[in-house]
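Have a look at the structure below, then the notes.
2 protein chains.
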Amino acid sequence: MIHVYTGNGKGKTTAGIGQALRAAGHGYKAEIIQFAKAERGGEYNIIKKVFKGKKIDINQFGSGKYLIPGNIDNKDIEKAEAGMKYAEKALKSKQTKVIVLDEINVVLHYGLLKIDTVKKIISKYRKIKEIILTGQSCPDGIIKIADYVTEMKEVKHPFKKGIKARRGIEY
Amino acid sequence: MIHVYTGNGKGKTTAGIGQALRAAGHGYKAEIIQFAKAERGGEYNIIKKVFKGKKIDINQFGSGKYLIPGNIDNKDIEKAEAGMKYAEKALKSKQTKVIVLDEINVVLHYGLLKIDTVKKIISKYRKIKEIILTGQSCPDGIIKIADYVTEMKEVKHPFKKGIKARRGIEY
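Residue numbers (my numbering), protein chains in the order written: chain A, 49 to 219; chain B, 49 to 219.
Here it is as structure tokens:
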């Protein structure tokens with residue numbers, strides 16, 4: 049099935065990670081593919097260390113800079129395409145049951161990947177895999193075909209009080 | 049700080065679990081306290097197996113039946129109180145940095161714990177710990193004092209099409 053976590057609130061990536069962990073607890077292999085990310089957050093470090101690429105694997109496909117309009121170049125597109133290629137391999141693999149496409153919604157929103165291409169790939173495997181797409185601004189084309197859609201709505205966030213991203217919490 | 053994940057959508061518990069994993073990846077100890085739950089879901093099994101109560105621990109305080117009005121008895125209250133006692137111990141512990149009070153919002157909503165008691169306990173530790181409350185129907189008294197509040201809004205869910213909870217996905 050196709051799952052979407054979108055919206056401006058906290059908890060999208062962590063929900064994807066938590067879902068991977070839950071599935072792994074029942075013996076299903078999970079692959080987490082982090083688009084637009086190159087900084088190794090807490091989840092990256094611990095998953096690599098504890099699972100060693102077995103029950104859960106995590107890999108990053110980001111150029112290292114924050115995606116904002118006017119700041120996007122070929123390197124970002126190449127990384128996104130490499131991420132999607134890796135995702136397709138994971139979808140084809142018999143071992144992998146859960147595929148988390150972390151931040152792919154943002155990548156689609158900025159046009160680094162074509163919505164139709166991603167739709168075609170995930171539609172092909174939706175009956176046998178759990179495909180989880182996270183990130184703000186999920187395009188309507190994806191929402192339409194998804195089975196689960198949760199909008200994480202920000203009600204309160206300390207960033208608004210000037211508090212910066214904190215280690216272990218935001219990354 | 050105090051974090052709340054509430055709303056009717058999927059991803060509240062998994063966001064709490066994912067946050068615990070992220071924090072552990074930076075060396076912070078996390079305690080997950082599952083209120084109103086007695087079935088050992090995927091996250092329970094894998095956390096106990098992989099972390100053995102060290103970097104992340106998870107414990108359950110539920111009577112084994114689903115909380116619905118008219119179906120609540122002393123056993124549920126005792127379990128909720130035992131969960132809160134355990135939570136207080138975790139909050140007092142120097143080692144533990146992140147405390148996930150999974151489904152506590154529901155427990156508060158049904159009056160199994162007093163809102164003022166929980167508010168008093170979490171307020172005492174909010175400056176030095178990350179306290180994460182999950183579950184539908186979070187009472188206003190908690191929302192008011194929280195730093196982060198995310199409402200997980202259900203946009204689409206296959207339950208509406210008659211699909212039942214699936215192993216590795218919903219539990």
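Note that CB positions come from ideal geometry on N, CA and C, so glycine has one too.
For T144(A), the nearest beta carbon of chain B is not closer than 8 Å to its own beta carbon.
It is roughly 33 Å from the alpha-carbon of K123(A) to the alpha-carbon of P206(A). Beyond the five residues adjoining it in sequence on each side, A63(A) comes within less than 6 Å, by CB distance, of Y53 in the same chain, given in chain order. The C-beta separation of I104(A) from I80(A) comes to about 7 Å, placing the pair in contact by the 8 Å criterion.
The beta carbons of S141(B) and K127(B) sit no closer together than 8 Å. At least one CB of chain A lies nearer than 8 Å to the CB of A71(B). For the beta strand (DSSP E) assignment, the uninterrupted runs of no fewer than 3 residues enclosed by the stretch 56-104 of chain B are, from N- to C-terminal side, 77-83. In chain order, T198 make up the part of chain A whose C-beta sits under 7 Å from the C-beta of E202(B). Assignment of beta strand (DSSP E) within the stretch 140-206 of chain A, counting only whole runs of 3 or more residues, yields 144-150, 178-182 and 196-204 in chain order.
In the three-state DSSP reduction, Y134(B) falls in the helix class (H, G or I).
Taking the Cα positions, H157(A) is about 17 Å away from T198(A). Y196(B) is a Cβ neighbour of K58(A), given a cutoff of 8 Å. About 7 Å separates the CB atoms of K145(A) and A78(A); that is less than 8 Å, so the two are in contact. Flagged as an interface residue toward chain B: Y92(A), by a C-beta distance shorter than 8 Å. The stretch 200-214 of chain A and the stretch 164-180 of chain A do not touch, with fewer than 3 CB-CB distances between them shorter than 8 Å.
Each of G73(B), G183(B) and N56(B) was checked against the Cα of I152(B), and the nearest Cα belongs to G183(B). At a cut-off of 8 Å between beta carbons, R174(B) makes no contact with chain A. In the structure shown, the three-state DSSP call for I50(A) is strand. The residues G64, A68, I80 and I180, in chain order, have a CB closer than 6 Å to that of V148(A) in the same chain once the five nearest residues on each side in sequence are set aside. When secondary structure is reduced to three states using DSSP, N119(B) falls in the coil class, being assigned neither helix nor strand.
At a cut-off of 8 Å between beta-carbon atoms, V98(B) makes contact with chain A. Chain B places a beta carbon closer than 8 Å to that of Q67(A), counting this residue as a contact. Scanning its chain for C-beta atoms nearer than 6 Å, with the 5 sequence neighbours on each side dropped, one finds around Q82(A) the residues Q108 and D150, in chain order. Secondary structure of I125(B) (DSSP, three-state): helix.
At a cut-off of 8 Å between beta carbons, T61(B) contacts chain A. Exclusion of the five residues before and after G55(A) leaves E199, M200 and K201 as the residues of its chain whose Cβ lies within less than 6 Å of its Cβ.
Beta-bridge pairing by DSSP links I106(B) to I80(B).
Excluding sequence positions up to five before and after I125(A), its CB lies within less than 7 Å of the CB of L160, all in the same chain and listed in chain order. If you ignore the 5 residues before and after E129(B), its C-beta comes within less than 6 Å of no other C-beta in its own chain.
Proximity of D150(B) to chain A, defined by a Cβ-Cβ separation below 8 Å, is not satisfied. Taking 9 Å as the Cβ-Cβ cut-off, the stretch 150-172 of chain B has no residue approaching chain A. By the C-beta density criterion, I169(B) is buried, having at least 16 other C-beta atoms within 10 angstroms.
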